[in-house]
Every structure is written in C-alpha cells, then in structure tokens.
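Asks: I'd like to ask some things about the structure below.
In the UniProt record's numbering, the protein residues as written are 1 to 87.
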C-alpha cells in the first residue's frame with residue numbers, strides 16, 4: 001500500500017514500509033514508549049500522539065529554562081545574553 005501527497009504540484013509516493021520504518025524510528029526516540037514497549041509493537045497513532053505530547057513537553061521545558069535564565073541574568077544585573085557575549 002502506498003500513500004500519495006500532492007505538494008506544490010508534485011506527487012510524493014511513500015510506501016507503507018517507509019511509514020512503518022519512520023514510526024519505528026520515532027518510537028525509539030520517545031523515552032516513555034521505548035521503556036514500556038521494548039519488544040511490543042505500538043500503534044502508529046499512539047506513537048504520533050506521544051510524539052506530539054513529547055514535543056509539547058520539550059517546548060514547555062525550553063520556556064521554563066529560558067525564564068530561569070532571564071531571572072538569573074537579571075539578578076546579576078545583565079540585561080541579555082548579548083551583554084555577556086560583548087564582554
């Protein structure tokens with residue numbers, strides 16, 4: 001089975017094997033699925049949902065770390081990272 005997507009007038013054909021391979025690679029990258037399902041197969045929809053959730057959590061962590069960095073810089077009297085780079 002293959003899927004076709006039209007993008008800017010060009011057709012891209014992706015085989016089911018390619019999709020399965022990409023889903024498997026995503027599953028390997030997701031800590032929560034990798035730990036739980038080492039030998040078992042997880043549905044593609046579950047892997048995609050977990051991927052989206054994981055990306056959201058990473059974005060949240062980046063935002064939190066950015067806020068913490070800003071607070072630390074402010075407490076040191078530094079307005080931005082650019083000020084440090086100019087030193």
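Think of the CB as a built atom: it goes at the ideal place given N, C-alpha and C, for glycine as much as any other residue.
Just to check my reading of the structure: residue 50 and residue 22 have Cβ atoms closer than 8 Å, yes? What is that Cβ distance to the nearest angstrom?
Replies: With a Cβ gap of about 14 Å, residue 50 and residue 22 do not count as contacting.
Asks: Put residue 1 into one of helix, strand or coil per three-state DSSP.
Replies: Only weak support is given to the placement of residue 1: the predicted model assigns it a pLDDT of 48, under 50, and the value that follows is read from those uncertain coordinates. DSSP places residue 1 in coil when its eight states are reduced to three.
Asks: Have a look at residue 43 and residue 19 and give me their C-alpha separation to the nearest angstrom.
Replies: Approximately 12 Å, taken between the alpha carbons.
Asks: Just mark residue 89 as buried or exposed, buried being the case when its beta carbon has 16 or more other beta carbons within 10 Å.
Replies: As shown, the chain starts at 1 and ends at 87. That puts residue 89 outside it, with no answer to give.
Asks: Measure the alpha-carbon distance for residue 72 versus residue 79 and round it to whole angstroms.
Replies: Straight-line Cα distance between these residues: approximately 10 Å.
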